[in-house]
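Colleague: By the numbering used here, the letter at position 13 of the sequence shown is numbered 13, and the numbering carries on one by one without gaps.
Below is a structure I'd like to ask you about.
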Amino acid sequence: MNDLIERLAICLERGKVNRSSPHPPDLKDQDGADELTRQALDDGISAETVLADGLIVGMTRVGKKYSEGKAFVPDLLMAAKAMKAAMAHLKPYFESGQTHHRGTFVIGTVEGDLHDIGKNLVAMMLEGGGYKVIDLGVNVPAAKFVQTVQENPGCSVGLSALLTTTMVNMEKIIKAIHEVSPATPILVGGAPLTDDFARRINATAYAPDPQGALDYLSAATS
Ligand code: B1M
1 MNDLIERLAI CLERGKVNRS SPHPPDLKDQ DGADELTRQA LDDGISAETV LADGLIVGMT
61 RVGKKYSEGK AFVPDLLMAA KAMKAAMAHL KPYFESGQTH HRGTFVIGTV EGDLHDIGKN
121 LVAMMLEGGG YKVIDLGVNV PAAKFVQTVQ ENPGCSVGLS ALLTTTMVNM EKIIKAIHEV
181 SPATPILVGG APLTDDFARR INATAYAPDP QGALDYLSAA TS
């Protein structure tokens, strides 16, 4: 793997945000996710490679350490902070799609769940794909989705969940939306989800990643 990309993965894994951040002490005065992402893009490495081979690899490593009791919530928070610093550089690349809107996409992380990195990536990718994206943020209750769907006739909806304890909230959100707007397409995604789970909760479709979300919407709205 490219040395720069591996250093980027380490910054995510260790929660090194930028050069001036004192954490972790052994990486003091070294470039962080902020500077290395900029450098990688300036060197001509694609935004997709930076994301898939650097940022997500590092994030997966810290998640695995957390599962094994070798990392803790503050480590996840620092990794998320490093991810956000890097994503600020990636945003223009994912959002450089058409300006003509192909439709409206309402997205949010479901009630009880505060994870927003994957949801933000899906939002960025769809904006880049030409959709007007209404991002409701995290911990979004069913009533907020319903209200937004009513205010935006013809929109599609995306629900994200990262916890096995919150993915079950998707079913009640889908039911509430379909009670007021039965034809609204509802796409679900997030690490613990499967195609089978999506079918069981009556979601219109499941997308494993942002590209899958874009492919589904492109097919559904063409
Ligand atoms: Co949390 N966390 N976390 N966490 N966290 C996980 C998810 C966990 C798997 C870690 C672990 O145990 N290994 C675990 C869940 C276990 C489970 O449910 N089975 C977990 C836990 C337990 C928790 C807490 C309960 C910890 C605690 O407090 N004791 C707590 C819950 C808080 C809450 O939500 N109520 C918690 C908190 C946090 C932080 C706040 C510290 C932080 C989130 C910060 C933030 O998002 N702003 C955090 C983080 C960073 C993680 C990990 C390490 C990384 C998540 C992430 O951003 N991944 C995660 C472990 C892991 O995934 N390796 C973990 C990178 C991101 C690009 O991937 O979000 O999967 P992902 O999104 C992907 C796809 O899933 C897909 O596209 C994205 C790009 O490929 N996708 C969609 C996502 N949404 C989609 C929607 C779509 C389509 C595709 O269509 C609509």
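All C-beta atoms in this analysis are idealised placements derived from N, C-alpha and C, irrespective of residue type, glycine included.
(1) Answer yes or no: do M78 and G15 have a C-beta to C-beta separation smaller than 9 Å?
(2) Compare the C-alpha of G118 against each of P210, L8 and N18 and name the closest.
(3) Can you check the segment 116–178 for any alpha helix (DSSP H) of at least 4 residues that lies completely inside it and give the ranges in chain order?
(4) Is the closest heavy atom of the ligand B1M to the C-beta of T221 under 8 Å?
(5) Measuring CA to CA, which of A161, I177 and I107 is closest to V146?
(6) Could you check how far apart the C-beta atoms of V110 and A143 are, in whole angstroms? I think they sit under 8 Å.
(7) At the level of alpha carbons, what is the spacing between E224 and S67?
(8) What is the residue span of the alpha helix (DSSP H) that V73 lies within?
(9) So the alpha helix (DSSP H) G230 belongs to, where does it begin and stop?
(10) Note down the Cα distance separating A52 from R19, rounded to an integer number of angstroms.
(11) Which class does T49 belong to by DSSP, given the choice of helix, strand or coil?
(12) In angstroms with no decimal places, state the Cα-to-Cα distance between I5 and V50.
(13) Among R7, L126, A123 and P182, which one has its Cα closest to the Cα of L27?
(14) Please go through the same chain and pick out, in chain order, the residues whose beta-carbon is closer than 8 Å to the beta-carbon of R61, but skip the five residues on each side of it.
(15) Using CA coordinates, which residue listed in A191, V149, V168 and A71 is at the minimum distance from P185?
(16) Just to confirm, is the Cβ distance from N169 to T104 under 9 Å?
(17) With distances taken Cα to Cα, identify the nearest neighbour of K172 among G112, G129, N120 and A219.
Modeller: Let me spell this out:
(1) As a position in the sequence shown, residue 78 is number 78, starting the count at 1. As a position in the sequence shown, residue 15 is number 15, starting the count at 1. Yes, these two residues count as a Cβ contact at 9 Å.
(2) Counting from 1 along the sequence shown, the entry for residue 118 is found at position 118. In terms of Cα proximity to G118, the closest of P210, L8 and N18 is P210.
(3) Fully enclosed alpha helix (DSSP H) runs of 4 or longer: 117–128 and 142–151.
(4) To locate residue 221, count along the sequence shown from 1; it is residue 221. Not so, every heavy atom of the ligand B1M lies at least 8 Å from the Cβ.
(5) As a first step, residue 146 must be located in the sequence shown, where it is residue number 146. Cα-wise, what sits closest to V146 is I177.
(6) Counted from its first residue, the sequence shown places residue 110 at position 110. Counted from its first residue, the sequence shown places residue 143 at position 143. In fact, because the Cβ distance is near 12 Å, the residues do not count as touching under 8 Å.
(7) In the structure displayed, the chain extends from 1 to 222; residue 224 sits before or after that span and is not available.
(8) Looking up residue 73 in the sequence shown gives position 73. First-last of the alpha helix (DSSP H) with V73: V73 to F94.
(9) The structure shown does not extend to residue 230, since the chain is modelled only from 1 through 222, so no value can be given for it.
(10) If you number the sequence shown from 1, residue 52 lands on position 52. If you number the sequence shown from 1, residue 19 lands on position 19. Computed Cα separation, rounded: 22 Å.
(11) What you label residue 49 is simply residue 49 of the sequence shown in a count that begins at 1. If DSSP states are grouped into helix, strand and coil, T49 belongs with the helices.
(12) Walking along the sequence shown from the start, residue 5 turns up at place 5. Walking along the sequence shown from the start, residue 50 turns up at place 50. Using only the alpha carbons, I get a separation of about 7 Å.
(13) The residue you call residue 27 lines up with position 27 of the sequence shown. The residue with the shortest Cα to Cα distance from L27 is R7.
(14) On the sequence shown, position 61 is the one that residue 61 refers to. Answer for R61: A9, L12 and E13, listed in chain order.
(15) For the purposes of this step, residue 185 is taken as the residue at position 185 of the sequence shown. That would be V149, whose Cα lies nearest to the Cα of P185.
(16) By one-based count along the sequence shown, residue 169 stands at place 169. By one-based count along the sequence shown, residue 104 stands at place 104. Not in contact: N169 and T104 (Cβ atoms no closer than 9 Å).
(17) Indexing the sequence shown from 1 puts residue 172 at position 172. Checked all of G112, G129, N120 and A219; the closest Cα to K172 is G112.
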